[in-house]
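My numbering numbers the first residue of the sequence shown as 798 and each following residue consecutively. A quick write-up on the structure given underneath.
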Amino acid sequence: MAVTPTGFLSTPVDTLRTMLANSAAFQTWVGAADATAAKARIYPFTIDEGSYTRPYAIVTFGDGGFSLNNVGTGAADSFQDRGQLRIFFEANVSAGNQGNHADSVYEFTNQIGAVLSDIAALAVSGYLVISSFRVSVPSRSDAEEKDAGADYFNVVVEVEYGIEG
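In structure tokens form, the structure reads like this:
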């Protein structure tokens, strides 16, 4: 039975998945015709081993936690949520770039940059108010995985959202 995400802990994960699915760069990268098809390649929290096709993304909680901040006074009290989410991206190295490490890195980081630019543009359109992205150093599959035919990159993006109270 599918559970609908609600509340200030669950909703941001689903909203960030929606933002990512609405990224034209992500849709092109995963070969999706539209946001609905793209969202099928964006997993909440985790992924079942062997049940995926690269490229894909996982959206989950970050280590920074969540807060509800009072941003009003007196009768105008209101609360604004803030928090940290994490996007994990993984994509195969294209056959044409497997022998050229620099080009394979640029191929991957160009895609990540384009997707994050799309998400940043959406952040001002009624989705999550994103205050920052922190991107880890991309890592490539190890020699053993490459020998087994799995040549890919992955990266973690920490996403801070919300308005400071």
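By construction, the Cβ of each residue, glycine as well, lies at the ideal position given by its N, Cα and C atoms. Just so we're clear, the structure is a prediction, and the values are computed from it rather than from any experiment.
Contact between S928 and G959 holds, with the beta-carbon distance rounding to 7 Å and staying under 8 Å. Here A911 has A822 as same chain residues with Cβ atoms under 6 Å from its own Cβ, once five neighbours each way along the sequence are excluded.
When rounded, the separation of the alpha-carbon atoms in S820 and S864 is 27 Å.
When only Cα atoms are considered, P935 and F950 end up about 6 Å apart. Within the same chain, N889, V890, Q895 and S938 come within 7 Å of D948 by CB-CB distance, once the 5 residues on both sides are set aside. Between the C-alpha atoms of R814 and E941 there is a straight-line separation of about 32 Å. In this structure, the straight-line span from the alpha carbon of S901 to that of N867 is close to 46 Å.
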